[in-house]
Structure formats: C-alpha cells, structure tokens
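These notes are about the structure you will find just below.
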Amino acid sequence: MEMLLMGLCMAVFGAGVAAAAFGAATRTESPSSEAPPKLPLVKAVVPTRFFSEHVATPAAIPTREVPLEVLLLQIENHVRMEQAAAESFLAYPTQAQLHSKTNSPFVN
Amino acid sequence: MAYELLNGLSSAEAEQVLLLGARVVVPPGTSLFRLGDPADRLFLVERGRIKLTLPVSVRGREEDILVEERAPGQAVGWSALIPPYRFTLTATAALQEAELVALPREALLEHFAGHPAAGHKIALNLAVVLGHRLHLFQTMWLREIQRTVHTHSV
Numbered sequence: 001m002e003m004l005l006m007g008l009c010m011a012v013f014g015a016g017v018a019a020a021a022f023g024a025a026t027r028t029e030s031p032s033s034e035a036p037p038k039l040p041l042v043k044a045v046v047p048t049r050f051f052s053e054h055v056a057t058p059a060a061i062p063t064r065e066v067p068l069e070v071l072l073l074q075i076e077n078h079v080r081m082e083q084a085a086a087e088s089f090l091a092y093p094t095q096a097q098l099h100s101k102t103n104s105p106f107v108n
Numbered sequence: 109m110a111y112e113l114l115n116g117l118s119s120a121e122a123e124q125v126l127l128l129g130a131r132v133v134v135p136p137g138t139s140l141f142r143l144g145d146p147a148d149r150l151f152l153v154e155r156g157r158i159k160l161t162l163p164v165s166v167r168g169r170e171e172d173i174l175v176e177e178r179a180p181g182q183a184v185g186w187s188a189l190i191p192p193y194r195f196t197l198t199a200t201a202a203l204q205e206a207e208l209v210a211l212p213r214e215a216l217l218e219h220f221a222g223h224p225a226a227g228h229k230i231a232l233n234l235a236v237v238l239g240h241r242l243h244l245f246q247t248m249w250l251r252e253i254q255r256t257v258h259t260h261s262v
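Order-wise, the sequence lines are chains A and B.
According to the working numbering, the first sequence is numbered sequentially starting from 1.
According to the working numbering, the second sequence is numbered sequentially starting from 109.
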C-alpha cells in the first residue's frame, strides 16, 4: 500500500514537473509585457593600438600653394601698401593711423 | 630737374655739383649696385625708376623683395657718404631704362671742402632723406610688431 502511494506521489510530481516544463517551453511573449530592462550604455570599443594609445592624426591636407610669382607680387604689394600707410602716418601722426589694419592679402 | 639732395642750392651751385658726376644708363632689370658692394658713388635719379630690394628667403629660394622705389629727382646710394661705405640694398632699374647722375665720393668731399656752404646744405638735405627713411621704416616696423602682437593675443 505504501509502495503504491509512493509511486502515485512520484507520478503526480513527475506529471507536474513535466507540465511546468512544457508550459515554460511553449509560453509566448505577450505584447503587453513589461519593457525590457534598460542596459547601461557602453561606449563603442576603440581598438587599442599595439604600441601606443595615441591615435595618429591624419597628415594635414596641403592647401593649394600660391604660385611663387603670385606670392612675390603679393609681398611687393604688401610692402607698397605698408609704405603708403607709413607715409600717411608720417604726414598726420595719430595712434589710429599707426594701428590701422591693412587689407593686404599677404597677411590676411 | 629738381634734385632733393640739391635743395636750397642756387642753380650755379647745383650745376657745379652735377658737373662732378657722370651719367649712367641702366637697362631695365639690370642692377645698378648690389647689397654689400663697395659704395663709392652717390646717384641722383634723372629718368626712370630704381627699385631697392633686399634678399628674402621664399620657399627655399632667395628672392629680391622690394623695400623702396626711387623716382626722378631722388637720391640713391647715400651709403657712399657714410662709413663703412658699403651698399645695404640692391638697386635695380625697374621696368624702364633708368638714367642717373653718378657722383663719386672723393669728388664730392673735395667739393664740400672747397664750398662749405654748399656742402652744409647738401648734408642737411641728406639728413632729411635719411630721417624720412628712418621714420618710414620705424613706422613700418611698429605696424609689423603691432600685427604680431595682435596675432599672438587672438
């Protein structure tokens, strides 16, 4: 009798475990389920460099070089403009004249 | 022709000074003298323009950069009267042919000794030329310093 009862209990327990496992396996996600927990933001992993953490910056893009003749002309015009400004200052010396800015493309 | 260096001299006095010199014709683009050359003659520009340049290194090349230009009536090469008698600039005829009166230092000094009044006036005129240039370059230099200060403080 005891053996029968024990076997019955084991059978019921086994059936319960099996039912629970089946239910867990076949359960579908309901759309109204809770929002998934927010994960902490992780920075994008930057691949470390083997020898140095310093990230090499790309070489400066060379600006278009002004032709030498144009540059020399700019310098000459700059000198002429500066002389004119200096002459103007000497004719009527004021601090404003002295510190007036030049429009020379050579220095702007 | 009115020469800045002969200001205040009578026409006879000016003529006497001019007779000391010889006319020099410089083709366009040709040097009258170069930086460092011995300065034994003072020049008065008669015709054309003279570019005064200094060597500046530009992109690894030495280029003559204009620092001043002298027009008819103006003097060039006052280093001939001031020790150590070396030109401190290069003088070149600009786009056109230039004609100048070249006055040798020795002849000028001898003339000044014999005509002190004329020598005194010429010396004063030379001081005016030098003073003007000094003020001009001082102003240009100060403007450059001001620009540098501005650039560094921005």
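All C-beta atoms, glycine included, are put in the ideal place defined by N, C-alpha and C.
Would residue i be called buried (16 or more neighbouring beta carbons within 10 Å of its own) or exposed?
{"i": "valine 184/B", "result": "buried"}
{"i": "leucine 68/A", "result": "exposed"}
{"i": "glutamate 82/A", "result": "buried"}
{"i": "leucine 216/B", "result": "buried"}
{"i": "glutamate 218/B", "result": "exposed"}
{"i": "glutamate 65/A", "result": "exposed"}
{"i": "serine 52/A", "result": "Residue placement at serine 52/A cannot be trusted, given a pLDDT of 48 that sits under 50; what the coordinates show is reported in the next sentence. Burial call: exposed."}
{"i": "serine 165/B", "result": "exposed"}
{"i": "serine 118/B", "result": "exposed"}
{"i": "valine 133/B", "result": "exposed"}
{"i": "isoleucine 253/B", "result": "exposed"}
{"i": "arginine 131/B", "result": "exposed"}
{"i": "leucine 177/A", "result": "Residue 177/A lies beyond the range of chain A shown here (1 to 108); nothing can be said about it."}
{"i": "arginine 178/B", "result": "buried"}
{"i": "threonine 247/B", "result": "buried"}
{"i": "valine 125/B", "result": "buried"}
{"i": "threonine 259/B", "result": "exposed"}
{"i": "leucine 73/A", "result": "exposed"}
{"i": "lysine 101/A", "result": "exposed"}
{"i": "tyrosine 111/B", "result": "buried"}
{"i": "serine 187/B", "result": "buried"}
{"i": "valine 70/A", "result": "exposed"}
{"i": "alanine 96/A", "result": "exposed"}
{"i": "alanine 226/B", "result": "buried"}
{"i": "leucine 232/B", "result": "exposed"}
{"i": "valine 79/A", "result": "buried"}
{"i": "lysine 229/B", "result": "buried"}
{"i": "proline 93/A", "result": "exposed"}
In terms of residue numbering, what span does the alpha helix (DSSP H) encompassing residue i cover?
{"i": "arginine 80/A", "result": "68-91"}
{"i": "leucine 98/A", "result": "95-99"}
Since residue i sits in a beta bridge, which residues does DSSP pair it with?
{"i": "isoleucine 173/B", "result": "Leu162/B"}
{"i": "alanine 215/B", "result": "The partner list for alanine 215/B (beta bridge, DSSP) is empty, contrary to what the question assumes."}
{"i": "proline 146/B", "result": "Arg194/B"}
How is the beta strand (DSSP E) around residue i delimited, first residue to last?
{"i": "serine 119/B", "result": "It is not in any beta strand (DSSP E) - serine 119/B instead sits in the alpha helix (DSSP H) that spans 119-126."}
{"i": "phenylalanine 141/B", "result": "139-141"}
{"i": "valine 153/B", "result": "149-155"}
{"i": "alanine 130/B", "result": "130-134"}
Roughly how far, in whole angstroms, is the beta-carbon of residue i from the beta-carbon of residue j, given that I think they are within contact range, below 8 Å?
{"i": "arginine 213/B", "j": "arginine 142/B", "result": "18 Å between Cβ atoms; not a contact."}
{"i": "glutamate 207/B", "j": "arginine 155/B", "result": "4 Å"}
{"i": "phenylalanine 151/B", "j": "valine 209/B", "result": "7 Å"}
{"i": "alanine 199/B", "j": "serine 139/B", "result": "7 Å"}
{"i": "leucine 189/B", "j": "glutamate 176/B", "result": "Their Cβ separation, rounded to whole angstroms, is 18 Å, which puts leucine 189/B and glutamate 176/B out of contact at 8 Å."}
{"i": "arginine 255/B", "j": "alanine 85/A", "result": "About 11 Å separates the two Cβ atoms, so there is no contact after all."}
{"i": "valine 153/B", "j": "proline 180/B", "result": "5 Å"}
{"i": "phenylalanine 195/B", "j": "glycine 144/B", "result": "7 Å"}
{"i": "leucine 211/B", "j": "glycine 129/B", "result": "4 Å"}
{"i": "leucine 162/B", "j": "leucine 114/B", "result": "With a Cβ gap of about 28 Å, leucine 162/B and leucine 114/B do not count as contacting."}
{"i": "histidine 243/B", "j": "leucine 98/A", "result": "Actually they are not in contact, since the Cβ atoms of histidine 243/B and leucine 98/A sit about 12 Å apart, beyond 8 Å."}
{"i": "tyrosine 193/B", "j": "proline 224/B", "result": "Not quite, the Cβ-Cβ distance comes to about 22 Å (not below 8 Å), so this is no contact."}
{"i": "isoleucine 75/A", "j": "isoleucine 173/B", "result": "6 Å"}
Inset, instruction - Would you list, in sequence order, the uninterrupted beta strand (DSSP E) runs of no fewer than 3 residues that lie entirely inside the segment 177-229 of chain B? - result: 198-201 and 206-212
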